[in-house]
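Reading through the structure tokens given below for one structure.
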Amino acid sequence: MKSIGIIGSNLLGLLCADMLCQTNKVTIIDSELELGFPANFPGTSLDQNLFNQILGGQNDNNLFKLVSNNQINFRTEWFCKLITHKIAKNGTTIYNRTRIIESTSLKNKIMLYTSGSDINPQQLYFDNVIDISENSMISLGKLKHEINLDCDRSIKPNLPLKEFFVGICLIRDLDEMDNYHIVLERTDELAEVWYSDNNKQFPKSGWIESRNVNAYYNERLMILDDYYQKAAEICDMVNNL
118 MKSIGIIGSN
128 LLGLLCADML
138 CQTNKVTIID
148 SELELGFPAN
158 FPGTSLDQNL
168 FNQILGGQND
178 NNLFKLVSNN
188 QINFRTEWFC
198 KLITHKIAKN
208 GTTIYNRTRI
218 IESTSLKNKI
228 MLYTSGSDIN
238 PQQLYFDNVI
248 DISENSMISL
258 GKLKHEINLD
268 CDRSIKPNLP
278 LKEFFVGICL
288 IRDLDEMDNY
298 HIVLERTDEL
308 AEVWYSDNNK
318 QFPKSGWIES
328 RNVNAYYNER
338 LMILDDYYQK
348 AAEICDMVNN
358 L
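So for the sequence shown, the working numbering puts the first residue at 118; every next one is plus one.
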């Protein structure tokens, strides 16, 4: 059993933790109050079996799923919350509101010096580290992780990113909107609307919530299924280290 540290808590990190925590001691370190908040991926999947597998039988009423043919649209932040509950039950240690202030590669371990949610800073030791902090949303201003690792025991995925504007609006307002990249309707009568290249519009009733995100984009906007495939690739790399 390895000790594995995951820095950052976007969907990719949560999926990696979910895959690894059954046979390893996994710790997630993130600067946000809740893992995966705010979300920077579109709330949709084209694989219902995969979707159900990830949730692991948890109550999904708050996802407001809309199933049409083989596509499932869902509420992204609540999806991340359910994965967080699942991995915590499976033994994953979570340090939220915590950031890395120093990192060192030792002979057989990686040491991460943390500051944040605990009263006193901590030294955490891992066999392997997955650093996805650059792909996570940050709301603590300039207080970013200080990570300087260059060793074969750490993995830092290089994801191609593209900037999008994401807004939540009433479905009834969609009739007057047409410049979006994608639109994802849900059963709560709301829609998740993605814009690229400054094409954003303003719905008649206004945005219920909105944000700018850097999303995983590789010739197209990547969805849950793609994140799962990437997480599986990363976990294979960790298992082979």
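Yeah, the Cβ is synthetic: ideal placement off N, Cα and C, and Gly gets one too.
Nearest to residue i by CA position, among the options, is which residue?
i	options	result
alanine 156	Asn275, Tyr333, Asp292, Thr231	Tyr333
glutamate 219	Arg328, Ser185, Ser232, Gln170	Ser232
valine 143	Asn176, Asn127, Ile204	Ile204
lysine 198	Gln188, Asn335, Asp135, Trp311	Asp135
isoleucine 340	Thr193, Lys206, Met228	Thr193
phenylalanine 196	Asn207, Thr210, Gln175, Ser148	Gln175
Cβ atoms of residue j and residue i: under 9 Å apart, would you say?
i	j	result
arginine 216	isoleucine 121	no
glycine 130	leucine 150	no
isoleucine 247	isoleucine 123	yes
serine 162	aspartate 305	no
tyrosine 242	lysine 226	yes
lysine 64	arginine 289	As shown, the chain starts at 118 and ends at 358. That puts residue 64 outside it, with no answer to give.
leucine 287	leucine 301	no
leucine 128	phenylalanine 158	yes
leucine 338	phenylalanine 281	yes
lysine 119	valine 355	yes
Could you check if residue i is buried or exposed, using at least 16 other CB atoms within 10 Å of its CB as the buried criterion?
i	result
alanine 349	exposed
valine 184	exposed
asparagine 275	exposed
asparagine 141	buried
glycine 160	buried
glycine 125	buried
isoleucine 351	buried
Would you tell me roughly how many angstroms separate the C-alpha atoms of residue i and residue j, rounded to the nearest one?
i	j	result
tyrosine 345	valine 283	21 Å
leucine 132	isoleucine 200	8 Å
arginine 328	glutamate 309	11 Å
cysteine 138	serine 222	23 Å
leucine 257	arginine 214	Caution applies to leucine 257, whose pLDDT of 48 falls short of 50 and renders its modelled position unreliable; the value that the coordinates give is listed next. The straight-line gap from Cα to Cα measures roughly 9 Å.
arginine 270	serine 250	17 Å
phenylalanine 191	aspartate 164	13 Å
leucine 167	histidine 298	24 Å
asparagine 245	aspartate 353	13 Å
asparagine 178	lysine 279	31 Å
glycine 323	tyrosine 230	44 Å
asparagine 186	lysine 347	25 Å
asparagine 335	glutamine 188	20 Å
isoleucine 171	methionine 228	30 Å
tyrosine 312	proline 277	17 Å
lysine 273	histidine 202	25 Å
aspartate 314	valine 330	12 Å
leucine 85	lysine 224	Because the chain spans 118 through 358 in this model, residue 85 falls outside it and cannot be assessed.
serine 148	threonine 210	14 Å
glycine 208	glycine 173	15 Å
*the segment 282-294 / the segment 315-333 touching (three or more Cβ pairs under 8 Å)*: Because the criterion of three Cβ pairs below 8 Å is met, the segment 282-294 and the segment 315-333 touch.
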